[in-house]
Amino acid sequence: MGRGSRLLTRHSVRNRGLSSVRDVNRQRVKIGQLEIDPLTFSEALERIAELVDRRNGGAVFTPNVDHIVKAERHASFRLAYDRADLSLADGMPLIWASRLLGSPLPEKVSGSDLVLPLMHIAAERRWRVYLLGGAPGVAEAAAERLDREVGAQIVGTDSPVVDLDGAPGDPELMLERLRGARPDVVLVALGAPKQELWIERFADRIRPAVAIGVGGSLDFVAGKVKRAPAWMSRAGLEWLFRLVQEPRRMWRRYLVEDPAFIAIVVRSRRRARRTCRSKQTG
Ligand code: UDP
0 MGRGSRLLTR HSVRNRGLSS VRDVNRQRVK IGQLEIDPLT FSEALERIAE
50 LVDRRNGGAV FTPNVDHIVK AERHASFRLA YDRADLSLAD GMPLIWASRL
100 LGSPLPEKVS GSDLVLPLMH IAAERRWRVY LLGGAPGVAE AAAERLDREV
150 GAQIVGTDSP VVDLDGAPGD PELMLERLRG ARPDVVLVAL GAPKQELWIE
200 RFADRIRPAV AIGVGGSLDF VAGKVKRAPA WMSRAGLEWL FRLVQEPRRM
250 WRRYLVEDPA FIAIVVRSRR RARRTCRSKQ TG
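The opening residue of the sequence shown carries number 0 in numbering that gives the first Met the number 0; numbering runs sequentially from there.
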């Protein structure tokens, strides 16, 4: 049995039955500890729409360099990724890494780029959308813009204090509000690893809603933070733009933690070559 089929079986067994959402013919690409689906931007949108229309829930993650680095030392983050129905390459460095590994991903599919096109589909199909996360006021401002400019049906917003490491906050109240709004899609903007852990913990309880981890996207939609220009994003320089905009929040991530990505890719390349050699000899 190929790796794609094994993954499919594991996910089908895990109560989702998503056989056609995953394309069995195209294997996920592994960078460090995380696996990424080789999908183009429009294929990713189609797959998300399929998940939503199946009405059986689901989890969509958008791994970037920071996620790959965090996954090295964060077991529960890796476990959360194990249940992702879709794992989409957020950023050019992942595309470059996949090429170095000999399994090129077709293109970058950033969460922040997905949100608006996805909300257009939501408006067309009358999906009910819930926005979770962001600083107080951000989700409301994003909802107002999505309603006004896109015609998306935003059925609720919440900016809860979420602490998944065992500290305060009553998730039941937040879940009660969310479930009461009967969303089809929940955009979870809590940053990594919180949003992936949140989705892993609550995905089953918010079904049939599909949960999508969108990082800082609501800040962009609300106009609270400026998005890097497209040329910077294409050149893999989005991080630099964000660092300049929010140096106090971003310096540690981009200057101290994320450079480890290079060593992770080098290790993954060695692993890919070993696997390739053993296939040839065995
Ligand atoms: N956030 C939140 N609750 C938290 C921690 C973060 O709502 O407990 C929000 C934060 O306000 C921001 C987003 O999560 O809107 C994190 O965005 P970040 O830029 O870190 O994510 P990225 O896009 O880099 O994945």
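Note that the Cβ used here is the ideal one computed from N, Cα and C, for glycine as well.
About 15 angstroms separates the beta carbons of residue 111 and residue 138, which is beyond the 8 angstroms limit, so they are not a contact pair. Membership of residue 155 in the beta strand (DSSP E) is indicated by the continuous run 152 to 157.
Excluding its 5 nearest sequence neighbours in each direction, residue 195 has C-beta neighbours in its own chain below 7 angstroms: 60, 76, 79, 80 and 212, listed in chain order.
For the pair of segments examined, the region 176 to 189 was found to touch the region 114 to 133: the number of CB pairs separated by less than 8 angstroms reaches three. For residue 34, the enclosing beta strand (DSSP E) begins and ends at 33 to 35.
DSSP, read as helix, strand or coil, puts residue 29 in strand. In this structure residue 254 is exposed. Its beta-carbon is surrounded by fewer than 16 other beta-carbon atoms within 10 angstroms. Residue 210 sits away from residue 221, with the two beta carbons spaced by 9 angstroms or more. Taken atom to atom, the span from the alpha-carbon of residue 42 to that of residue 108 is near 10 angstroms. Following the DSSP letters along the chain, one finds residue 211 inside the beta strand (DSSP E) bounded by residues 209 to 212. Per DSSP, residue 134 is not a residue of any alpha helix (DSSP H), being assigned neither H nor E. As DSSP reads the structure, residue 220 sits in no beta bridge. Counting only runs of at least 4 residues, the region 85 to 145 fully encloses the following alpha helix (DSSP H) elements, listed from N- to C-terminal order: 91 to 99, 110 to 124 and 137 to 144. DSSP, read as helix, strand or coil, puts residue 57 in strand.
Only residues of its own chain outside the window of five on either side were considered, and among them 99 and 100 have a CB closer than 7 angstroms to the CB of residue 268, listed in chain order. Under the 10 Å beta carbon count, residue 172 is surrounded by fewer than 16 other beta carbons and is classified as exposed. By the Cβ-count criterion, residue 237 is buried, with 16 or more other Cβ atoms from all chains shown falling within 10 Å of its own Cβ. In terms of Cβ geometry, residue 35 and residue 88 form a close pair [threshold 9 angstroms].
Partner residues in the beta bridge of residue 186, as assigned by DSSP, are 130 and 211. In this structure, residue 58 has its beta carbon at no less than 8 angstroms from each heavy atom of ligand 1. Nearest C-alpha to residue 149 among 169, 83, 114 and 52: 114. Proximity of the beta carbon of residue 108 to ligand 1 is not indicated: no heavy atom of the ligand is located closer than 8 angstroms. Taken from the Cβ of residue 194, at least one heavy atom of ligand 1 lies inside 8 angstroms.
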